[in-house]
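Asks: Right, I'll just put the structure down here and ask away after.
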Amino acid sequence: MTLRHAAVARAMLAASLCLVAAGASAQARIRIGLMLPYTGTYASLGTAIENGFRLYVQEQGGKLGGRELEYFKVDDESEPSKAVDNINKLIKRDNVDVVVGTVHSGVVMAMAKVAKDTNTLLVIPNAGARAVTGPMCAPNIFRSSFSNWQPGYAMGKVAGERGAKKVATITWKYAAGDESVEGFKDGLKASGGEVVKELTLPFPNVEFQALLTEIAATKPDAVYAFFAGGGAVKFVKDYAAAGLNRTIPLYGPGFLTDGTLEAQGAAAQGLLTTLHYADGLDLPTDKAFRADYNKTYKMAPDVYAVQGYDAAQMLNVGLTAVKGDVAKRKELVAAIETAHIDSPRGTFTLSKSHDPVQDIYLRKVVGSENRVEGIAVKALADPSPGCTM
Amino acid sequence: MDFAVFLVQCLNAVQYGLLLFLVASGLTLIFGILGVINLAHGSFYMIGAYLAYALAPWVAAHLGGGFFTALAIGLLLSVAFGYLLEWGFVSYLYERDHLQQVLMTYGLILVFEELRSILVGDDVHGVAPPAWLAGSVPLGHVMTYPVYRLFMSGVCVAVALGLYAIIARTRLGMAIRAGATNREMAQSLGVDIRLLYRIVFAAGVALAVFAGMIAAPVSSVYPGMGNQVLIISFVVVVIGGIGSIRGALLASLLVGFADTFGKVFIPQTAGILVYVLMAAILLWRPEGLFRTG
Chain W
1487 MTLRHAAVAR AMLAASLCLV AAGASAQARI RIGLMLPYTG TYASLGTAIE
1537 NGFRLYVQEQ GGKLGGRELE YFKVDDESEP SKAVDNINKL IKRDNVDVVV
1587 GTVHSGVVMA MAKVAKDTNT LLVIPNAGAR AVTGPMCAPN IFRSSFSNWQ
1637 PGYAMGKVAG ERGAKKVATI TWKYAAGDES VEGFKDGLKA SGGEVVKELT
1687 LPFPNVEFQA LLTEIAATKP DAVYAFFAGG GAVKFVKDYA AAGLNRTIPL
1737 YGPGFLTDGT LEAQGAAAQG LLTTLHYADG LDLPTDKAFR ADYNKTYKMA
1787 PDVYAVQGYD AAQMLNVGLT AVKGDVAKRK ELVAAIETAH IDSPRGTFTL
1837 SKSHDPVQDI YLRKVVGSEN RVEGIAVKAL ADPSPGCTM
Chain V
64 MDFAVFLVQC LNAVQYGLLL FLVASGLTLI FGILGVINLA HGSFYMIGAY
114 LAYALAPWVA AHLGGGFFTA LAIGLLLSVA FGYLLEWGFV SYLYERDHLQ
164 QVLMTYGLIL VFEELRSILV GDDVHGVAPP AWLAGSVPLG HVMTYPVYRL
214 FMSGVCVAVA LGLYAIIART RLGMAIRAGA TNREMAQSLG VDIRLLYRIV
264 FAAGVALAVF AGMIAAPVSS VYPGMGNQVL IISFVVVVIG GIGSIRGALL
314 ASLLVGFADT FGKVFIPQTA GILVYVLMAA ILLWRPEGLF RTG
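Have a look at this one:
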């Protein structure tokens, strides 16, 4: 090698070192990938989750674990067939450290698979698909929301205690609906009732009339319905319009009446639902959260905002324990696993399978609120069958 | 299933089928006569529903009318909107291939959805039916039936009859049929094809918007509602035969029955049943039940 060549080589080495250094300083920000529905039926849920997440970060002075954040957003359109491509955009193209998402259970299943294969930290701020923390559970996958089984189980228990012996269930035929009904059956069995008819229709079909006629012909003691968003509005209104609400009480998980009361109007009044959040919780954390959210976004928060808020809170616990060094994955995970999350819904811990262990409230629709009636089941943990972690 | 329940299920099927017809009739007109694959048709339905939601309070405050005044205003707006849309966008599509039509109309879906999100937000909303239609009538011992649903079915039947009369019995209808059969020939015989197409497109849009408005009190108003309707409408159009109003009516009722009884008897396969029906009918009659042109 001649002198000149050596000089060129040195210059190149210096240049590449500069590039590495530049890369490292860009790494100083934690890269957060938000994979949420920003269009379609669940668009407002996606926005609420992001709002909640950003609110917590803002309360921490714009940092988590002492480090600034950089956001990368992907609209998942609640479309399972695009889920793998979408999460790969975040992981491979944007090189994110953490993925936060999503709402739709079908999408989250695909996300969890990719997250597990690439060992990417994933925090699920809504989708309650049981499999994710069941057979697919992994150290790098957490949930800040609920499992579909939880509100269902609590409602089943309450329905049985209120004297429902023979119950019909109705839901969209997809994972979330099946799992919710499964929880309901477990809870109902525990309090002495049984499900005599299981009605389903394809997601996201909202032509309920045929199945309402079936319910009327079956005459059960009560009906348990799992629907959300536009479907929930239409079901509750159709149920009332068919006159069924006068003779057969309608129960459901909280999604049946959450964020939809304005649209449901009089048809929803008096409905009992179960969820891990409610209006009128007498908790200081909740009051502060609601005031802050109101001030920042000029609207009232909902359960989805709480879940987004807690997703950020869980990440903060982990990142603080490792002083913002995402490479120390083991310690980060251990910190979240043992944390007591001071959520607006009340303090919760995490189960072995990384699901929240939380109180499920019984709520009643009064006016435009889902008022808390009491605690349906205290510190309820999904048994997470199939998780070997 | 006892007989009373069976009858109620038949009513459910007819009622659903008639509403489908209202949306699909506009689609089949545009597809059959203009030859344009209009993916944005579901968006027009969505726009109609949101119009019903947004216009009702405005009308109550400024004009003092109720649901029907809002309906009339919405209908006028939709005709104007369809006319402008044809002039600005769709008229460029007649000579182009289907891929370009699909691209443009799909683009329109995205634009309309985004505008909806900006203007009205992403929340679910309810629309109240007029007070005198808000009640329910008892149907035997089985259940009660909302009066508004029965009213809706009546309106759909009226629209079906009106459409049939216009197309089969009027001069305009004759020109439309001529234009669909042979564009150039009709033009050389003195039919103003550009104007005719503009009218047909505006009518198609108005039908979808009208369907959205009239369905809003039962369907509620929510993001993405148009896409569900679009797919099933295409099924109806394909089964019925492209461009045939009569075919669309029959196909709507068929789909209504298949969907209703599918959900009751074979819930596991209810999701694919209408598509199986479509495939079976296409095997039997590749042009659909009634072919035109």
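Which chain is which? The protein sequence lines are W and V, in order.
For the record, in the first sequence the residue sitting at position 183 is 1669 according to the numbering used here, with numbers rising by one throughout.
For the record, in the second sequence the residue sitting at position 171 is 234 according to the numbering used here, with numbers rising by one throughout.
Where is the CB? At the ideal position from N, CA and C, for every residue including glycine.
Every value quoted in this text rests on a predicted model; they were computed, and no experiment measured them.
Would you call Lys1773 (chain W) buried or exposed, if buried means 16 or more other Cβ atoms sit within 10 Å of its Cβ?
Replies: exposed
Asks: Counting along the chain, where does the beta strand (DSSP E) carrying Ile136 (chain V) start and finish?
Replies: That residue, Ile136 (chain V), is in no beta strand (DSSP E); its alpha helix (DSSP H) goes 130-151.
Asks: From Ser251 (chain V) to Gly242 (chain V), what distance separates their C-alpha atoms?
Replies: 11 Å
Asks: Gly303 (chain V) and Gly105 (chain V): beta carbons closer than 9 Å?
Replies: no
Asks: How many Å lie between Gly334 (chain V) and Ala1696 (chain W) at the Cα?
Replies: 14 Å
Asks: Against chain V, with Cβ distances strictly below 9 Å, would Gly1715 (chain W) count as a contact?
Replies: yes
Asks: Leu173 (chain V) to Arg1849 (chain W), Cα distance in whole Å?
Replies: 38 Å
Asks: According to DSSP, is Met1641 (chain W) part of a helix, a strand, or is it coil?
Replies: helix
Asks: Residue range of the beta strand (DSSP E) that Gln250 (chain V) falls in?
Replies: Note, Gln250 (chain V): premise wrong, no beta strand (DSSP E); alpha helix (DSSP H) at 246-251.
Asks: By the DSSP assignment, the beta strand (DSSP E) with Met1521 (chain W) in it spans what residues?
Replies: 1516-1522
Asks: Counting only beta-carbon atoms, is Thr1806 (chain W) nearer than 9 Å to chain V?
Replies: No, no contact with chain V.
Asks: I'd like to know if Tyr113 (chain V) contacts chain W, where contact means its C-beta is closer than 9 Å to some C-beta of that chain.
Replies: no
Asks: Flag this pair as yes or no: are the beta carbons of Cys1873 (chain W) and Pro1611 (chain W) separated by less than 9 Å?
Replies: no
Asks: Looking only at its chain, what residues have a beta carbon closer than 7 Å to the beta carbon of Ala1510 (chain W), apart from the 5 residues adjacent to it on each side?
Replies: With a pLDDT of only 44 at Ala1510 (chain W), under 50, the local geometry of the prediction cannot be trusted, and the value read off the model is given with reservation. Taken in chain order, the list of residues that qualify is empty.
Asks: Would you check if the region 1814-1833 of chain W and the region 1729-1736 of chain W touch, i.e. whether three or more CB-CB distances between them fall below 8 Å?
Replies: no
Asks: Evaluate the contact criterion for the region 87-102 of chain V versus the region 246-264 of chain V: three or more CB pairs, one atom per stretch, below 8 Å.
Replies: yes
Asks: Using a Cβ-Cβ distance under 9 Å, would Ala76 (chain V) count as near chain W?
Replies: Answer yes: the Cβ-Cβ gap between Ala76 (chain V) and chain W drops below 9 Å somewhere.
Asks: Any C-beta of chain W sitting closer than 9 Å to the C-beta of Thr244 (chain V)?
Replies: For Thr244 (chain V), not one C-beta of chain W is nearer than 9 Å to its own C-beta.
Asks: Would you call Trp347 (chain V) buried or exposed, if buried means 16 or more other Cβ atoms sit within 10 Å of its Cβ?
Replies: Exposed, by the Cβ-count rule.
Asks: Identify, in the order they occur along the chain, each residue of the same chain with its Cβ nearer than 8 Å to the Cβ of Trp1658 (chain W), setting aside the five sequence neighbours on each side.
Replies: Excluding positions up to five away in sequence, the list reads Thr1686, Leu1687, Pro1688, Phe1689, Pro1690, Asn1691, Phe1712, Phe1713, Gly1717.
Asks: Does the CB of Ser1530 (chain W) have a neighbour CB from chain V at under 9 Å?
Replies: yes
Asks: Quick one: list the residues of chain V neighbouring Pro1688 (chain W), beta-carbon separation under 7 Å, in chain order.
Replies: Ala333, Gly334
Asks: Using a Cβ-Cβ cut-off of less than 8 Å, list which residues of the region 274-289 of chain V approach chain B; keep chain order.
Replies: Checking the listed chains, one finds no chain B in this structure; the protein chains it contains are W and V.
Asks: Give the straight-line distance between the Cα atoms of Tyr1639 (chain W) and Gly127 (chain V), rounded to the nearest whole angstrom.
Replies: So the two alpha carbons sit approximately 49 Å from each other.
Asks: Would you identify the three-state DSSP class for Pro1739 (chain W), choosing helix, strand or coil?
Replies: strand
Asks: Are the C-beta of Gln1695 (chain W) and some C-beta of chain V separated by less than 9 Å?
Replies: yes
Asks: Quick check on DSSP: helix, strand or coil for Gly1860 (chain W)?
Replies: strand
Asks: Looking only at its own chain, which residues have a Cβ that is under 8 Å from the Cβ of Val337 (chain V), when we skip the five neighbours before and after it?
Replies: Around Val337 (chain V): Ile295, Val298, Val318, Ala321, Asp322, Gly325.
Asks: Thr323 (chain V) versus chain W: which residues are under 8 Å apart at the beta carbon?
Replies: Glu1693, Gln1695, Ala1696, listed in chain order.
Asks: Is the CB-CB distance between Pro1566 (chain W) and Met1641 (chain W) below 9 Å?
Replies: no
Asks: If we count the other Cβ atoms within 10 Å of its Cβ and call it buried at 16 or more, is Gln1844 (chain W) buried or exposed?
Replies: buried
Asks: Quick check on Thr1606 (chain W): buried or exposed, where buried means 16 or more other Cβ atoms within 10 Å of its Cβ?
Replies: buried
Asks: With DSSP as the reference, label Thr1759 (chain W) as helix, strand or coil.
Replies: strand
Asks: With which residues is Ile1610 (chain W) paired in a DSSP beta bridge?
Replies: Answer is W:Arg1629.
Asks: Taking contact to mean 3 or more Cβ pairs, one atom from each stretch, closer than 8 Å, check whether the region 1512-1521 of chain W and the region 1579-1591 of chain W are in contact.
Replies: yes
Asks: Just verifying my parser: in three-state terms, what is the DSSP assignment at Tyr108 (chain V)?
Replies: It is helical.
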